[in-house]
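**Q**
In the numbering used here, the protein residues as written are 6 to 639.
#1: Could you check if residue 208 is buried or exposed, using at least 16 other CB atoms within 10 Å of its CB as the buried criterion?
#2: Of the residues 516, 589, 466, 310, which one's Cα is nearest the Cα of residue 492?
#3: In the structure shown, what three-state DSSP assignment does residue 206 receive?
#4: When DSSP labels each residue in this structure, what does residue 588 get in the three-state scheme?
#5: Taking the alpha carbon of residue 278 as the point to measure from, which residue in 395, 311, 504, 596 has its own alpha carbon closest?
#6: Looking at the secondary structure, which residues open and close the alpha helix (DSSP H) in which residue 296 lies?
#7: On the DSSP letters alone, give me the boundaries of the alpha helix (DSSP H) that residue 597 sits inside.
#8: Does residue 258 come out as helix, strand or coil in the three-state DSSP assignment?
#9: For the candidate residues 557, 568, 451, 317, whose alpha-carbon lies nearest to that of residue 544?
#10: State the DSSP-derived secondary structure class of residue 635, mapped to helix, strand or coil.
#11: Can the beta-carbon of residue 415 be found less than 8 Å from the beta-carbon of residue 564?
#12: According to DSSP, which residues form a beta bridge with residue 383?
#13: Thinking C-alpha only, which one of 332, 245, 379 is nearest residue 368?
#14: Classify residue 3 as helix, strand or coil using the three-state DSSP reduction.
#15: Report yes if the CB atom of residue 325 is closer than 8 Å to the CB atom of residue 264, and no otherwise.
#16: Just the C-alpha distance for residue 319 and residue 632, rounded to the nearest angstrom, thanks.
#17: To the nearest angstrom, how far is it from the Cα of residue 619 to the Cα of residue 477?
#18: What does the Cβ neighbour count give for residue 238, buried or exposed, with the cut at 16 atoms within 10 Å?
#19: Round the Cβ separation of residue 363 and residue 422 to the nearest angstrom and send it over; I've been treating them as touching at under 8 Å.
#20: My understanding is that residue 229 touches residue 195, with C-beta atoms under 8 Å, so please give their C-beta distance in whole angstroms.
#21: Let me know the alpha helix (DSSP H) ranges lying completely inside the region 385-439, each 4 residues or longer, listed in chain order.
#22: According to DSSP, simplified to helix, strand and coil, what is residue 301?
#23: By how many angstroms is the C-alpha of residue 322 removed from the C-alpha of residue 579?
#24: Using the rule of at least 16 other Cβ atoms within 10 Å of the residue's Cβ for burial, across every protein chain shown, is residue 231 buried or exposed?
#25: Between the alpha carbons of residue 548 and residue 519, how many angstroms are there, rounded?
#26: Check residue 581 in the structure and name its three-state DSSP category.
#27: Would you identify the three-state DSSP class for residue 618, choosing helix, strand or coil?
#28: Figure out for me which residue from 489, 484, 456, 343 has the closest Cα to the Cα of residue 517.
#29: Kindly list the residues whose CB is nearer than 7 Å to the CB of residue 329, restricted to its own chain and excluding five residues on each side of it in sequence; keep chain order.
#30: Who are the near neighbours of residue 508 in its chain, counting only those whose CB is closer than 8 Å to its CB and skipping five residues on each side?
#31: Which of the three DSSP states is assigned to residue 451 in this structure?
#32: Between 290, 627, 300, which has its C-alpha nearest residue 407's C-alpha?
#33: What is the rounded straight-line gap between the Cα of residue 622 and the Cα of residue 389?
#34: Got a sec, what are the start and stop residues for the alpha helix (DSSP H) residue 557 sits in?
#35: Residue 469 lies in the alpha helix (DSSP H); which residues open and close that run?
#36: Can you round the beta-carbon distance between residue 571 and residue 527 to whole angstroms, since I take them to be within the 8 Å contact cut?
Shown next as structure tokens:
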């Protein structure tokens, strides 16, 4: 509570109440602080106030209005209303703050009262003190009639607490004042108006301002899509990479992207080892075909397609499969272009003689292997094998080393293909394709069974099966006649005396014994009834024993599928079937060729036929056809 000491007594005579504003100004001049304050409304002074004029007279204030309190009342109240100076004093202003002065008039008989000490109530909010204006300040919005006669007397200004902090650079706007909005220059006008620094109405396609001034409107600049800093950096890096790529030619045709280099590494260091017995640097796919592909773009596309098909089975990344398909289509286009060019070079009137380069023959072989990697079972290999057969029969490869490899490779797959189909028969049975005279020792071969003559016995067994099937379909009984039995005995004698050139106790020697056992099983299942016997059980067990002798990382696993398939189609016992299934799983983990799974499905179907209709289980070629499957088991 604030206190005021030694405050003079304000003396008002009854006549002062009727003299207008001039009298009131004189009466307040004794207190300059109040007289100069623009917030005191003289109409707010209550007429109930009673003030003594001199301390002697006891004149009652009843002479003012006639109805005041009794003259004996010694205590009166003076009410003052203080308004905020920032607002006009009208009826709509909020309730003002109030000062209440309790003024005590001394009596003649009471000397203890002394001077009057007014009672001052504290403001609710200190911020309202800031509305008190300094000396001489006049509110222009105030009512002129109410304050025109108020005398301003210099007094000490009210101390208002200064707020802490740095003063504002831009002061706050005055309440009620209209703010001016600064507009920036538009950047969406036409090119002509922007260059002429004129305001554009932005009418499209040509603005009216240009038409009015008879100038050509050059239109509007293209809208730019906002991009973050990261996106701009990526686009700049892409442009830089493209520029570097286009600035240098390709070192090797067909190796164009990072994925192509990945395909090439996989072909050299991984995939080539599962295609032949040899998995070192002398592998013909690395020693013969790959150097040839560096000089022929079509062959490189075929090899990269082959490697990509194998790699996509290990890594299902979509980019690998997409790039592999691109190599496949480009390889097919190159084959067509080369064959068309060779046919067009023939002179008119002469029979067309198709002379193609060695890489074209190699490309057809690679595309047929691609069906093995993809696990295709709809006969997709047929056109590629037919093209390779035609080229090998009609013309001789120029490179002798390549000729040795490609003839052996083709005959291995051609003979194996006859084991699982009804209409595919080896070409050399008709005398169209002969083994070259320069065939070296059998050990030098890249595959087993071709150069050592074992596949000749397999081809003869296939011919016997065709004869028995024909007699069976025509209703002859027995289907195995005396001529068939005679030829079968001759083949049996040849298999018994057959020997491999590989040294004993080696992986290739065990593989050769496995091939020998499976060839005899193929002969037995052709001429003997399809029922369990000790003979067939013994041969199957021996063959599985040789399979178990192969190391898990042996290159021999690259050509195990065909003999394993023949043993599986002859496994009547459950314990043999368990070992056969394990053999398929081991082969799958080694080579990851996707034709292994459909081959095992056929074996399982043959097992079902064995258990239900045993006599029909010998003809698995027909079972495969009924399953709508046609694939290579190589």
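Heads up, the beta-carbon is just placed ideally off N, CA and C, and yes, glycines get one too.
Remember, predicted model here, so these are calculated numbers, not experimental data.
**A** Looking at the atomic coordinates:
#1: Working through the chain shown from its first residue, we reach residue 208 at position 203. The residue is exposed, with fewer than 16 neighbouring Cβ atoms inside 10 Å.
#2: As a position in the chain shown, residue 492 is number 487, starting the count at 1. Ranking the options by Cα distance to residue 492, first place goes to 466.
#3: On the chain shown, residue 206 is found 201 positions in, with the first residue counted as 1. Residue state, collapsed to three classes: coil.
#4: Counted from its first residue, the chain shown places residue 588 at position 583. Reduced to three states, the DSSP call for residue 588 is helix.
#5: Taking the first residue of the chain shown as 1, we reach residue 278 at position 273. Nearest C-alpha to residue 278: 596.
#6: Here residue 296 refers to the residue found at position 291 when the chain shown is read from its first residue. Segment 295-298, the alpha helix (DSSP H) holding residue 296.
#7: For the purposes of this step, residue 597 is taken as the residue at position 592 of the chain shown. Here residue 597 belongs to no alpha helix (DSSP H), and DSSP marks it neither H nor E.
#8: Within the chain shown, residue 258 is the residue found at index 253, counting from 1. Reduced to three states, the DSSP call for residue 258 is coil.
#9: Mapped onto the chain shown, residue 544 falls at position 539. Comparing Cα positions, the closest option is 568.
#10: Taking the chain shown and counting its residues from 1, one reaches residue 635 at position 630. If DSSP states are grouped into helix, strand and coil, residue 635 belongs with the strands.
#11: In the chain shown, the residue the question calls residue 415 occupies position 410. In the chain shown, the residue the question calls residue 564 occupies position 559. No, the Cβ-Cβ distance between residue 415 and residue 564 is not below 8 Å.
#12: Locating residue 383 in the chain shown gives position 378, counting from the first residue. DSSP, once it has assigned bridges, lists 635 as partnering residue 383.
#13: If you number the chain shown from 1, residue 368 lands on position 363. It is 332 whose Cα lies nearest to the Cα of residue 368.
#14: No statement about residue 3 is possible, as the shown extent of the chain runs from 6 to 639 and does not include it.
#15: Along the chain shown, read from residue 1 onward, the residue named residue 325 stands at position 320. Along the chain shown, read from residue 1 onward, the residue named residue 264 stands at position 259. Cβ distance < 8 Å, so residue 325 and residue 264 count as in contact.
#16: Here residue 319 refers to the residue found at position 314 of the chain shown. Here residue 632 refers to the residue found at position 627 of the chain shown. Each residue's alpha carbon lies about 27 Å from the other.
#17: Counted from its first residue, the chain shown places residue 619 at position 614. Counted from its first residue, the chain shown places residue 477 at position 472. For residue 619 and residue 477, the distance between alpha carbons rounds to 16 Å.
#18: Residue mapping note: residue 238 aligns to position 233 of the chain shown, counting from 1. The residue is exposed, with fewer than 16 neighbouring Cβ atoms inside 10 Å.
#19: As a position in the chain shown, residue 363 is number 358, starting the count at 1. As a position in the chain shown, residue 422 is number 417, starting the count at 1. That pair is no contact at about 23 Å.
#20: Within the chain shown, the letter at position 224 stands for residue 229. Within the chain shown, the letter at position 190 stands for residue 195. Rounded, the Cβ-Cβ distance is 16 Å, inconsistent with contact.
#21: 387-399, 405-423
#22: The residue you call residue 301 lines up with position 296 of the chain shown. Residue 301: coil per DSSP, three-state reduction.
#23: By 1-based counting over the chain shown, the position of residue 579 is 574. By 1-based counting over the chain shown, the position of residue 322 is 317. Going from the Cα of residue 579 to the Cα of residue 322 covers about 39 Å.
#24: Here the question's residue 231 lines up with position 226 in the chain shown. Residue 231 is exposed by the Cβ-count criterion.
#25: Translated into the one-based positions of the chain shown, residue 548 becomes position 543. Translated into the one-based positions of the chain shown, residue 519 becomes position 514. About 5 Å.
#26: As a first step, residue 581 must be located in the chain shown, where it is residue number 576. It is helical.
#27: Taking the chain shown and counting its residues from 1, one reaches residue 618 at position 613. Coil.
#28: Taking the chain shown and counting its residues from 1, the one referred to as residue 517 is at position 512. The candidate whose alpha carbon is nearest that of residue 517 is 456.
#29: Counted from its first residue, the chain shown places residue 329 at position 324. 310, 313, 314, 317.
#30: Translated into positions along the chain shown, residue 508 becomes position 503. Closer than 8 Å at Cβ, skipping near neighbours: 514.
#31: As a first step, residue 451 is located in the chain shown; it is residue number 446 there, counting from the start. Three-state result, residue 451: coil.
#32: Counting from one through the chain shown, the residue named residue 407 turns up at place 402. Checking every option, the nearest Cα to that of residue 407 belongs to 290.
#33: Numbered from 1 along the chain shown, position 617 holds the residue referred to as residue 622. Numbered from 1 along the chain shown, position 384 holds the residue referred to as residue 389. The alpha-carbon atoms of residue 622 and residue 389 are separated by roughly 31 Å.
#34: Position 552 of the chain shown, counted from the start, is the residue given in the question as residue 557. Residue 557 -> no alpha helix (DSSP H), and no H or E assigned at all.
#35: For this step, residue 469 is matched to residue 464 along the chain shown. Unbroken alpha helix (DSSP H) run through residue 469: 459-479.
#36: As a working mapping, residue 571 is identified with position 566 in the chain shown. As a working mapping, residue 527 is identified with position 522 in the chain shown. Yes, they are in contact, since the Cβ atoms of residue 571 and residue 527 sit about 5 Å apart, within 8 Å.
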